[in-house]
Structures are given as C-alpha cells and as structure tokens.
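Peer 1:
Residue numbers (mature numbering (1 follows the signal peptide of the UniProt record, and there is no 0)): -31 to -1, 1 to 270.
1. Where do the ends of the beta strand (DSSP E) carrying residue 75 lie?
2. From the DSSP output, read off the bridge partner residues of residue 175.
3. What are the start and end residues of the beta strand (DSSP E) that includes residue 117?
4. Mind reading off the beta-carbon distance from residue 252 to residue 154? Whole number of angstroms is fine, and I expect it under 8 Å.
5. Just to confirm, is the Cβ distance from residue 199 to residue 187 under 9 Å?
6. Assuming residue 82 contacts residue 91 (C-beta within less than 8 Å), just tell me the rounded distance between them.
7. Alpha carbon to alpha carbon, what distance is there between residue 244 and residue 2?
8. Just to confirm, are residue 125 and residue 46 a CB contact at a threshold of 9 Å?
9. To which residues does DSSP link residue 31 through a beta bridge?
10. Mapping DSSP to helix, strand and coil, what is residue 161?
11. Helix, strand or coil, according to DSSP, for residue 240 in the structure here?
12. Just to check my reading of the structure: residue 111 and residue 28 have Cβ atoms closer than 8 Å, yes? What is that Cβ distance to the nearest angstrom?
13. Check residue 260 in the structure and name its three-state DSSP category.
14. Given a cut-off of 9 Å, decide if residue 158 and residue 210 are closer than it, judged by their beta-carbon atoms.
15. Roughly how many whole angstroms lie between the Cα atoms of residue 250 and residue 19?
16. Within 10 Å of its beta-carbon, does residue 35 have 16 or more other beta-carbons around it, so buried, or fewer, so exposed?
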C-alpha cells in the first residue's frame, strides 16, 4: 500500500476533523430541547387575580411515554395553598396532585401517548386566593407517565402582591331641628393599594343611648354600632358610605365620641395607622352642635 507523504497526511487529517465537526453541527435540534418548559402570562399578580401557566413537555427519549401527564407545582409554598384551578386546555382532564398531607399541585392528562421527540402543550388557568399574603414562588413542572417520570424542573418566578391598604376617614355634618336634630355621618374609604381591597368592613361605635339609621344596604345599624361594607376598592379609588344618628332633648350639653375602625378586608392590610378615625360632637342647644376630628392614637389617612 502506497504511503502518504507528510503533506497529504495533514490534508487527510484536516478533512477528517472537518467531517467530525460537520456531523456535530448536524446533530438534531431535539437533543437540546428541554423536557419541560414553563411560561407565565404575568410575573406579578395581585391577590385574587388569575394567571395562566403554559407548560410544554417533550419526550426526549427514543421510546414512547405512555399515559403522559404534565404536572405543575411551586416552592416554597405548595401551589394549591394559594391558588385554585379555574381551567386547563390541551388535555383530556385536569385535577389536583395529592401529597402526604393533601393536594400539592395540578396535573393535566394528555390525550395520547407521547412518541419519541414529540411535544405537547397544556395551559393552566389559576386564580390566586383573595386573602393570599405576599408571595414569591418558583413555578415547577414535571413530565410523568406510566413508564417514565422526569426530574422536577424549575421555571419562572411568580410574585403575588398580597396587600391592600385601606384608609378610613369619618366626617360628620349636623342637621339642626327643634325636635329632630341629627348627625349625618360619612365613612370614606380610600384604596391605597397596591392590590384591590375586597370585602371591606368598617364599624362605627356609637355612644351609649344613641342609635343610627341608614337609607342603604351598605351601612347596617345594630345595637351600639353601625357596620358599613364595600365589595371592592381599587388602588386610587374611594367610596363614601353614610348613616344618620338622631339627637333627642336629652342630648343637650353632652359630648359624644364616634369612632370608625376597619374590622375586615382582604388581602392583608399592611398599614394599621390609617385604619381608625374618630370625631367628637357636643350638643350645645337644639340648634347648635359642634363637631371636630378627634385623636385616635395613630396617624390619620
């Protein structure tokens, strides 16, 4: 066999290296396709809002995955602890995944076996709890099947803004009358955000011997108090709720103090300093009532 000259040996070696490099470049793209890919419709949501999680699973192996299922979790808080499953698309059925102490995530059963190199996409629609605290969660996914289960894969971070500050103010306007004088109160609630405040309740305590009336369902009088409610208050918005207190002949010369305090709302209210407001009124005569803001021991809104 003829021997190659040193020059030709170098040329042949270079050609071999070139072919090897070309073969590496021609490696199919599926070799770099991750088994689980996760995306969020929004990285930050307010408590009570919905968010969609899109999970794409790929069978990166040479065998078919039987009864393939896309699973969804989060850490450090279990996903079912602060969300509920509203809907899912791209699957035959969706349900919760149970752990040792109850549900810990969600799963979507795919319609067919997942062949080698085949991908499938499922979209989960989740609603965060209205009373959720501030959270920062890593969304995780996994491809599971009758004959295979992938490692748990970390995806994007979901932040839940679980706070909504509500400022409370109490205003009063005397209405004079010889026998039917009254005080007309306005409870003003201001949403300071960042989230929408929901199911807000403010209770105004009444001095002994006085009772209230209200012309609307938002303020409900009961013995010694009036409770006013608002379903939602968005950040930057405010709502005014009213009731009246009648003053009788026995009220002359007496000082009265009325205190309004937030007693309920969701999500959590991070600022307690503006949850209470008070006014003091003194009935001087049937036709003269003096009222002024009163200190509450904390900052006013």
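Backbone N, C-alpha and C define an ideal beta-carbon position, used for all residues, glycine too.
Peer 2: Well, looking at it:
1. DSSP places residue 75 in the uninterrupted beta strand (DSSP E) bounded by 71 to 78.
2. Residue 175 is bridged by DSSP to nothing; it lacks a bridge partner.
3. Counting along the chain, residue 117 falls outside any beta strand (DSSP E), and DSSP gives it neither H nor E.
4. Not quite, the Cβ-Cβ distance comes to about 15 Å (not below 8 Å), so this is no contact.
5. A contact, by the Cβ cut-off of 9 Å.
6. Contact between residue 82 and residue 91 is ruled out by a C-beta separation of about 15 Å, above the 8 Å threshold.
7. Taken atom to atom, the span from the alpha-carbon of residue 2 to that of residue 244 is near 53 Å.
8. No, the Cβ-Cβ distance between residue 125 and residue 46 is not below 9 Å.
9. Per DSSP, none; premise fails for residue 31.
10. Strand, per DSSP.
11. Three-state result, residue 240: coil.
12. Here residue 111 is actually not in contact with residue 28; their C-beta atoms are around 13 Å apart, not less than 8 Å.
13. Three-state result, residue 260: strand.
14. With a cutoff of 9 Å on beta-carbon distance, residue 210 and residue 158 are scored as near each other.
15. Answer to the nearest angstrom: the Cα atoms are 46 Å apart.
16. Within a 10 Å sphere around the beta-carbon of residue 35 sit fewer than 16 other beta-carbons, which makes this residue exposed.
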